[in-house]
Amino acid sequence: MIELFQKAKLHKDRAAIVSNENTYSYAQLLDRSSVVAANLLNKLPDLNEASIAFLVPPSFEYVAAQWGIWAAGGMAVPLCVQHPLPSMEYVIEDSGSKVILVHEDFQEMLQPLKANPDLSIIPLKEVFKKNSSPLPDIGLHRRAMMLYTSGTTNKPKGVVTTHGIIKSQIVTLVEAWEWEKEDYILNILPLHHVHGIINVLSCALWSGACCEFHAKFEAKDVWDTILSGKMTLFMAVPTIYYKLINYWESDNKKKQLKMSEAASRLRLMVSGSAALPVPVLEKWKSITSHTLLERYGMTEIGMGLSNSYRNERRPGYVGLPLPGVEMRLVDKDNIPVTEELPGEIQIKGPCVFKEYWQKEEATKEAFTKDGWFKTGDIAMLHNGMYKILGRDSVDIIKSGGYKISALEIEDVLRGHKDIDDSAVIGLEDEEWGEVVAACLVSGKNTMDFDEISKWLRARLPAYKIPRKYVLQKKLPRNVLGKVTKKELKSLF
Ligand code: MLC
Ligand code: AMP
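So the sequence shown is numbered by my numbering: it starts at 1078 and just counts up by one.
Written out as structure tokens, the structure reads:
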């Protein structure tokens, strides 16, 4: 049996999940997921790592679906509830998912896919119907999950992890941040990325702790939950802390004091997925007395580096490698660099992903010959701690904690009837880290950028839509014909 389920058995009567104003125990979670597994198996002995996509908002039902897929021996492919249909279709097709579990709120949205005879779209309530079945034995080497991440290729790639890799990603954090069963965490992050799935949800359930879901981030609801006094832990991206600060500042002095007091009682607050600006860290400290613990991670590795839970948390730094994570910094020739010199972060260890799904070449290219995963992030060791300096590619943008491929957006833009060419970049932004900006080339002298955004919204998730546009007759290029993206920034 998967170790996460064995652990859950130790806490049967404890609260595992709070969602939609209901509390569900570990026993209920185990029961419901074995029902899902039995229905998915439908008398087969094992799903044998078949990709099973599921479209379920953050809730008890999401976890029951995820655990049910695992218990039946499938590979869980979470779909993002905020994606438009074309983005979902891409993931369904690329992952080879033939079965899609869908929450009733999204059945209508998937209606157009019903015409595809190869797809079996199953309403969630069907797999929640009472059923039982012997469950397969699942070894640690078995594929468990596939999360889609953008990279330097235009389309997102499926990052595959096994049960063993997931276990390693969880255990590292449970130890480093001293999770315990009395913990209570609020999860307002999307559940198709490691931050929400591993750091928040899975660490809580591994520890016998309780995870409360809100379907979506709302600053007021987060503050209300902090004020309720239940929470011991909170984890979010820097943009969320920025928004929480804004909300606090907009309230009156009496309420501010209450919010600050309540927040100060949490035992840990963590920031990650993007660089935490030092002014945000300082402001948060002045409001809540917490020095945010900043850590560094990636879909392909889980978490790699972290500031200390008990000792120093240095503003602007990401700390040191987590237990079990091997790390080095190398120059362009893959030679390790010494202290004070910038180098690419490379990672080895049991937390590193297995493969990009059905992309043998891309997987091979992502590793050095001696097995180090090349993150593409540049860092430097200074006074005994690592500092992230940036990325080696201008084509990757981080906005609101989401990783976005400039190439993917350019590709879609070129499909618009009035656009001949395009170049997309990230512009520094206090709130979002970076905002997406697009330079469009068109034969037309003027363009309705709102219309372009609207057209894009039907094709891409909201966080990938450019917030700024310029119109040009041609793109700036170097002698090799490559678009000079640095030069492009000056146009905005
Ligand atoms: C949304 N908006 C944006 C935007 N995203 N504007 C600029 N840039 C962006 N990136 C706009 C919307 O269009 C809308 O405007 C308004 O903001 C509100 O939209 P929303 O969807 O309601 O936004 P909100 O809920 O406030 O979302 C902000 C957020 C979200 C920070 C909660 O971006 C988020 O959940 N980010 C977390 C992503 C994450 O989990 N990353 C982890 C990846 S794993 P309008 O005009 O339309 O009203 C990883 C590894 C690791 O990175 O280390 O963890
Ligand atoms: P993702 O592919 O969505 O998992 O995003 C991973 C990327 O987020 C990393 O490669 C980094 O570029 C970035 N990232 C994560 N944590 C941090 C951090 N603390 N500081 C700076 N960048 C970060």
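Think of the CB as a built atom: it goes at the ideal place given N, C-alpha and C, for glycine as much as any other residue.
Asked: The alpha helix (DSSP H) that contains residue 1264, what's its start and end?; Found: Where residue 1264 is concerned, there is no enclosing alpha helix (DSSP H), although the beta strand (DSSP E) it sits in stretches over 1261 to 1264.
Asked: Taking the Cβ atom as the reference point for each residue, do residue 1208 and residue 1112 lie within a distance shorter than 7 Å?; Found: yes
Asked: Exposed or buried, residue 1481, counting other C-beta atoms within 10 Å across all chains shown (16 or more means buried)?; Found: buried
Asked: Closer than 8 Å is the cut-off here; do at least three beta carbon pairs connect the region 1269 to 1289 with the region 1142 to 1162?; Found: yes
Asked: Start and end of the beta strand (DSSP E) containing residue 1442?; Found: Here residue 1442 belongs to no beta strand (DSSP E); instead the alpha helix (DSSP H) covers 1437 to 1443.
Asked: Looking at the structure shown, is residue 1542 part of a helix, part of a strand, or coil, going by DSSP?; Found: coil
Asked: What does DSSP give as the partner residue(s) for residue 1454 in the beta ladder?; Found: 1468
Asked: For the beta strand (DSSP E) containing residue 1287, list its first residue and its last residue.; Found: 1287 to 1290
Asked: Any idea what DSSP makes of residue 1534, helix, strand or coil?; Found: helix
Asked: Mind pulling the alpha helix (DSSP H) runs of 4 or more residues that sit fully within the region 1286 to 1372?; Found: 1296 to 1305, 1315 to 1327, 1330 to 1341, 1355 to 1365
Asked: Between 1151, 1283, 1116, which has its C-alpha nearest residue 1126's C-alpha?; Found: 1151
Asked: Check the C-beta distance from residue 1449 over to residue 1405 and give it rounded, since I have them as a contact under 8 Å.; Found: 7 Å
Asked: Under 6 Å from any heavy atom of ligand 2, does the C-beta of residue 1394 make it?; Found: no
Asked: Using the rule of at least 16 other Cβ atoms within 10 Å of the residue's Cβ for burial, across every protein chain shown, is residue 1432 buried or exposed?; Found: buried
Asked: Check whether the Cβ atoms of residue 1263 and residue 1308 lie closer than 7 Å to each other.; Found: yes
Asked: Cβ of residue 1164 within 6 Å of any heavy atom in ligand 2?; Found: no
Asked: Spatial neighbours of residue 1503 within its chain, please: CB distance less than 6 Å, with the 5 preceding and 5 following residues excluded, ordered by chain position.; Found: 1474, 1511
Asked: From this set, 1528, 1498, 1395, which residue's C-alpha is nearest residue 1554's C-alpha?; Found: 1498
Asked: Looking only at its chain, what residues have a beta carbon closer than 6 Å to the beta carbon of residue 1384, apart from the 5 residues adjacent to it on each side?; Found: 1370, 1371, 1390, 1396
Asked: For residue 1247 and residue 1380, what's the separation of their Cα atoms in angstroms?; Found: 9 Å
Asked: Short of 8 Å in beta carbon distance, which residues of its chain neighbour residue 1467, apart from the five on each side in sequence? Order them along the chain.; Found: 1454, 1455
Asked: Can residue 1462 be considered in contact with ligand 2, in the sense that its beta carbon sits closer than 6 Å to one or more heavy atoms?; Found: no
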